[in-house]
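Q: Have a look at this one before I ask anything.
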Amino acid sequence: MIGQTAGAGAMYQAMSTLGFAQESDYSGPIKLTAAPRDTSVLILGAGMAGLVAAYELQRAGYKVKVLEYNHRAGGRSWTLRGGDEYTELGGSRQKCEFDPGLYINPGPWRIPYHHHAMLDYAKRLKVPLEAFNQLNYNAYLHSSKAFGGKPQRFREVRSDYQGHIAELLSKAANQGRLDGELTPEDRDRLLESLRAWGVLDQQFRYRASEATSVTRGFAVDPGGGLMRRPEFSTPLDANELMRSRLWQYLVNFHEYEMSPALFQPVGGMDRIANALYREIAPLVQFDAKVVKIDQDERGVTVNHVDAHGRGAPTQTKADWCICTIPLSILSEIEIKVGDAMLAAIQAVPYEASVKVGLQFKRRFWEEDERIYGGISFTDLPIQQIGYPMAGMNQPGKGVLLGAYVWGTNAYEFTAMTPEQRVRKAVEFGAQIHPQYATEFENGIAVAWHRSPFTQGCFANWPDDVREKHYNDLCQIDGRIALAGEHASYLPAWQEGAVLSALDTIQRMHQRIATA
Ligand SMILES: Cc1cc2nc3c(=O)[nH]c(=O)nc-3n(C[C@H](O)[C@H](O)[C@H](O)COP(=O)(O)OP(=O)(O)OC[C@H]3O[C@@H](n4cnc5c(N)ncnc54)[C@H](O)[C@@H]3O)c2cc1C
32 MIGQTAGAGA
42 MYQAMSTLGF
52 AQESDYSGPI
62 KLTAAPRDTS
72 VLILGAGMAG
82 LVAAYELQRA
92 GYKVKVLEYN
102 HRAGGRSWTL
112 RGGDEYTELG
122 GSRQKCEFDP
132 GLYINPGPWR
142 IPYHHHAMLD
152 YAKRLKVPLE
162 AFNQLNYNAY
172 LHSSKAFGGK
182 PQRFREVRSD
192 YQGHIAELLS
202 KAANQGRLDG
212 ELTPEDRDRL
222 LESLRAWGVL
232 DQQFRYRASE
242 ATSVTRGFAV
252 DPGGGLMRRP
262 EFSTPLDANE
272 LMRSRLWQYL
282 VNFHEYEMSP
292 ALFQPVGGMD
302 RIANALYREI
312 APLVQFDAKV
322 VKIDQDERGV
332 TVNHVDAHGR
342 GAPTQTKADW
352 CICTIPLSIL
362 SEIEIKVGDA
372 MLAAIQAVPY
382 EASVKVGLQF
392 KRRFWEEDER
402 IYGGISFTDL
412 PIQQIGYPMA
422 GMNQPGKGVL
432 LGAYVWGTNA
442 YEFTAMTPEQ
452 RVRKAVEFGA
462 QIHPQYATEF
472 ENGIAVAWHR
482 SPFTQGCFAN
492 WPDDVREKHY
502 NDLCQIDGRI
512 ALAGEHASYL
522 PAWQEGAVLS
532 ALDTIQRMHQ
542 RIATA
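Going by our numbering, 63 is the number at position 32 of the sequence shown; the sequence numbering is gapless.
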C-alpha cells in the first residue's frame, strides 16, 4: 500500500506542477456539418464527457441514446444536498442530513479561468458562476509539530518566510558572497528588490514595524476615535518557521490551476452537468449498467442490466458508440476492441481521494476567525479544510469541506466506515478549530475508491504508461471510441473530459462522413 501510494503521491505532485501546466485547447463551440441520415450513436456514461458528446451530436442531427449507471446525470460532477442518499461499494449507505441550501461537492469544486470549454458551456447554458477563493490570506497553515500545534495565518507565514529569506539573502549579498554571480550594479538592484519584496528596513532587517504589520497584519488593528492605538505584530521566529515546514504550502496557490481567477457554479458543481442534461433529457436512460460492449462491421451492441438488479438484461444497438465509462470500471467489462486498445484500458491506475462534508450550527470560521472562503492546509491526515464561498457573512448554519485527503491518508480513510471518516474529520479538525466540539451537527464522506461508478478519483497516468498506451486509447477502434478525463492530458479536471469528448466526436463525425 505504501509503495503504491508513494508512487501515486509523487505522480500527483508532478502532475500538479508539470503536466497540468497547459492552457485548454478549446477554441469555441464546435460546428459539425449535418449528420448522415438515420445514423445512430450510443453514448455510455452521462458524466461531463458523455453529456457534451450527446448534446453536440444530437444538435448535428445524429440519433443519440445515452446509457447511465446512476439515477442522475453528471458522474463525478456531483453535489450532495440534504435528503440525497448514497451507497458505496461494501454496502455502507449514507443519507445527507444538511439543511436546505447547504451542500458539498464531493468531486470537482473549482474551475480555473483557463478552462475555456467549461466556462463556455456554463455561459451558453446560462449557469451563473461565482468566485472560488483558493487563497485566503486569513486562512490557516497548520503543523501539529510546530508553534505548539497552534495554526498560523497564511498572511503571517507568507510575509515572514519571504522577509526572513530576503534578510538572509541580502546579508549574503552585502558580505560579498554573491559577487561571483552578480555585477556590483546587479547586486545593488538585487538588494533594492529584496528590501521591497521582503519588507526589510534600511539595514536590510525584517523586524516588527508598521511596514511589516501592513503585510502580515497588526497585533491591534487601527481603529477610530479613542480606541486603542494600533500595535505592530511580531514576526514568527525564523528558525521555527523553517523547521515547521509550513513554507511547503505557499507554492500551492501559485500553481497554474490554482491561481485566480477560479470559479464555481452558484448552488453546486452539478449545475453545469444538469444544464446539459436538461437539453438532452429524453435521450438518457438512467439505472442502466453496461456489462458488455460488442461490435461488428455493421454496428455496436451493448448489453446492460438494471443497476438495482430489477428486470431482465437488455441489448441496445447503434451504428457507432462513444464510451466514457472510467477505465477503472471499463477494464472489468467485456469489450470487443483490438489488443492495443484493450492493453491501454487495462494499463492506467486510478488515484485515491476522500472528501468529507461537515455541517455546523453556525459559521464560526467567519464569526470568530474572519475566514471567508479559501482553504486551510494542515499536516494532519485531513490535509485541507475548505470554507464555503456560498452564503458568506450570512447568519445561520454552514458546511465545511472537513477533509480533502490524498495519498496514504486517502487509503486509510477509504478503509474506514463513512461514520468513522466523519468522526476522524471532526477529531482532527478540532485541533485547528476548537469550535468543532460544540458546533458540529452532521457529516457525509465520499471515498472515491468505493464509488461504484468510478472506483477511483482520476486516471493517474504514469509517464511511461502514457507514452506506451495513450495513443492507442484515443483511436477509433472499428465503431467504438473512448472519451473522458482519462483520454486527455488534463486528467482530474472536467475540462479534460470535455475536450476529450469534443475531439472524439469531431473525429468520429469525419469517419462517419467518409465511411
Ligand atoms: C475528488 C475529486 C476532485 C476533483 N476536483 C476537480 C475540480 O476541482 N475541478 C475540475 O474541473 N475537475 C475536478 N475533478 C475531476 C472531474 O470530476 C473529472 O475529470 C470529470 O468529472 C470526469 O468526467 P467524465 O465524463 O470523464 O467521467 P465521469 O464523470 O466519471 O462520468 C462517467 C459516467 O459513466 C458512468 N458509468 C460508470 N460505469 C458505468 C456502467 N457500467 N454503465 C453505464 N454507465 C457507467 C458513471 O456513472 C458516470 O456518470 C475532481 C474529481 C474528483 C473525484
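Note that CB positions come from ideal geometry on N, CA and C, so glycine has one too.
For residue 103, does the three-state DSSP call read helix, strand or coil?
A: Here residue 103 is taken as the residue at index 72 of the sequence shown, counted from 1. Coil at residue 103, not helix or strand.
Q: Assuming residue 253 and residue 261 make a contact with CB atoms under 8 Å, what is their CB distance in whole Å?
A: As a working mapping, residue 253 is identified with position 222 in the sequence shown. As a working mapping, residue 261 is identified with position 230 in the sequence shown. Confirmed, about 4 Å.
Q: Beta carbon of residue 348: closer than 7 Å to some heavy atom of ligand 1?
A: By 1-based counting over the sequence shown, the position of residue 348 is 317. Not so, every heavy atom of ligand 1 lies at least 7 Å from the Cβ.
Q: Can you give the Cα-Cα distance for residue 557 and residue 112, rounded to whole angstroms?
A: The shown model of the chain, from 32 to 546, leaves out residue 557, and the question about it has no answer.
Q: From residue 10 to residue 126, what does the alpha carbon distance come to, in whole angstroms?
A: Past the boundaries of the shown model lies residue 10; the chain is included only from 32 to 546, so the question cannot be answered.
Q: Check for me: the alpha helix (DSSP H) holding residue 470 runs from which residue to which?
A: Stepping through the sequence shown from its first residue, residue 470 is reached at position 439. Note, residue 470: alpha helix (DSSP H), 467-470.
Q: Would you identify the three-state DSSP class for residue 86, choosing helix, strand or coil?
A: By 1-based counting over the sequence shown, the position of residue 86 is 55. Reduced to three states, the DSSP call for residue 86 is helix.
Q: Which residues share a DSSP beta bridge with residue 404?
A: In the sequence shown, residue 404 corresponds to position 373, counting from 1. Note: residue 404 sits in no beta bridge, so no partner.
Q: Taking the alpha carbon of residue 140 as the point to measure from, which residue in 335, 480, 59, 420 has its own alpha carbon closest?
A: For the purposes of this step, residue 140 is identified with residue 109 of the sequence shown, where counting begins at 1. It is 420.
Q: Could you tell me if the beta carbon of residue 287 falls within a distance shorter than 7 Å of some heavy atom in ligand 1?
A: Start at 1 with the first residue of the sequence shown, and residue 287 comes out as number 256. Checking every heavy atom of ligand 1 against the Cβ of residue 287, none is found closer than 7 Å.
Q: Does the stretch 183-192 come into contact with the stretch 216-226, if we say contact requires no fewer than three beta-carbon pairs (one atom in each stretch) closer than 8 Å?
A: Too few Cβ pairs lie closer than 8 Å, so no.
Q: With a threshold of 7 Å (Cβ to nearest heavy atom), would residue 516 be considered close to ligand 1?
A: Residue numbering aside, residue 516 sits at position 485 when the sequence shown is read from its first letter. Residue 516 Cβ: within cutoff of ligand 1.
Q: Can you tell me whether residue 537 is helix, strand or coil according to DSSP?
A: In the sequence shown, the residue the question calls residue 537 occupies position 506. Three-state DSSP puts residue 537 in a helix.
Q: What I want to know is whether the C-beta of residue 488 ends up closer than 7 Å to one or more non-hydrogen atoms of ligand 1.
A: Position 457 of the sequence shown, counted from the start, is the residue given in the question as residue 488. Checking the Cβ of residue 488 against ligand 1 gives yes.
Q: Flag residue 245 as yes when its Cβ comes closer than 7 Å to any non-hydrogen atom of ligand 1, and as no otherwise.
A: Indexing the sequence shown from 1 puts residue 245 at position 214. Residue 245 Cβ: outside cutoff for every heavy atom of ligand 1.
Q: Where are the alpha helix (DSSP H) runs, 4 residues long or more, that stay fully inside the stretch 172-254, in chain order?
A: Qualifying alpha helix (DSSP H) stretches, in chain order: 185-205, 215-229, 241-247.
Q: For residue 494, which residues from the same chain have a beta carbon less than 7 Å from its beta carbon, with the 5 sequence-adjacent residues on both sides left out?
A: Against the sequence shown, residue 494 aligns to sequence position 463. Contacts found: none.
Q: Assign residue 94 to one of three DSSP states: helix, strand, or coil.
A: Start at 1 with the first residue of the sequence shown, and residue 94 comes out as number 63. In this structure, residue 94 counts as strand in the three-state DSSP scheme.
Q: To the nearest angstrom, how far is it from the Cα of residue 278 to the Cα of residue 337?
A: For the purposes of this step, residue 278 is identified with residue 247 of the sequence shown, where counting begins at 1. For the purposes of this step, residue 337 is identified with residue 306 of the sequence shown, where counting begins at 1. Going from the Cα of residue 278 to the Cα of residue 337 covers about 51 Å.
Q: Can you have a look at residue 52 and say buried or exposed, based on whether 16 or more other CB atoms are within 10 angstroms of its CB?
A: Taking the sequence shown and counting its residues from 1, one reaches residue 52 at position 21. The pLDDT assigned to residue 52 is 46, lower than 50, so where the model puts this residue is not dependable, and the model offers no usable value.
Q: Between residue 522 and the rest of its own chain, which residues show a CB-CB distance below 6 Å, the 5 nearest in sequence each way excluded?
A: Taking the first residue of the sequence shown as 1, we reach residue 522 at position 491. If we look at residue 522 and ignore the five residues flanking it on each side, its Cβ neighbours are 489, 490, 516.
Q: Within a Cβ cutoff of 8 Å, which residues of the same chain sit near residue 373, ignoring the five residues on either side of it in sequence?
A: Along the sequence shown, one-based indexing puts residue 373 at 342. Same-chain partners within the cutoff: 366.
Q: Would you mind listing the beta strand (DSSP E) stretches within the stretch 486-525 that are 3+ residues and don't spill past its ends, in chain order?
A: Fully enclosed beta strand (DSSP E) runs of 3 or longer: 511-513.
Q: Run the proximity test for residue 101: is its beta-carbon closer than 7 Å to any non-hydrogen atom belonging to ligand 1?
A: As a first step, residue 101 is located in the sequence shown; it is residue number 70 there, counting from the start. Flag set: Cβ of residue 101 near ligand 1.
Q: Helix, strand or coil: how does DSSP classify residue 33 here?
A: Sequence index remark: in the sequence shown, residue 33 carries index 2 (1-based). Confidence at residue 33 is low in this model, with a pLDDT of 41, below 50, so the placement of that residue should be treated as unreliable; the coordinate-derived value is given next. If DSSP states are grouped into helix, strand and coil, residue 33 belongs with the helices.
Q: From which residue to which residue does the beta strand (DSSP E) around residue 604 run?
A: Because the chain spans 32 through 546 in this model, residue 604 falls outside it and cannot be assessed.
Q: If you count every other CB in all the chains shown that lies within 10 Å of the CB of residue 149, and 16 or more means buried, which is it?
A: Taking the first residue of the sequence shown as position 1, residue 149 is located at position 118. The residue in question, residue 149, is buried, as its Cβ has 16 or more Cβ neighbours within 10 Å.
Q: Round the Cβ separation of residue 405 and residue 165 to the nearest angstrom and send it over; I've been treating them as touching at under 8 Å.
A: Counted from its first residue, the sequence shown places residue 405 at position 374. Counted from its first residue, the sequence shown places residue 165 at position 134. Rounded, the Cβ-Cβ distance is 7 Å, consistent with contact.
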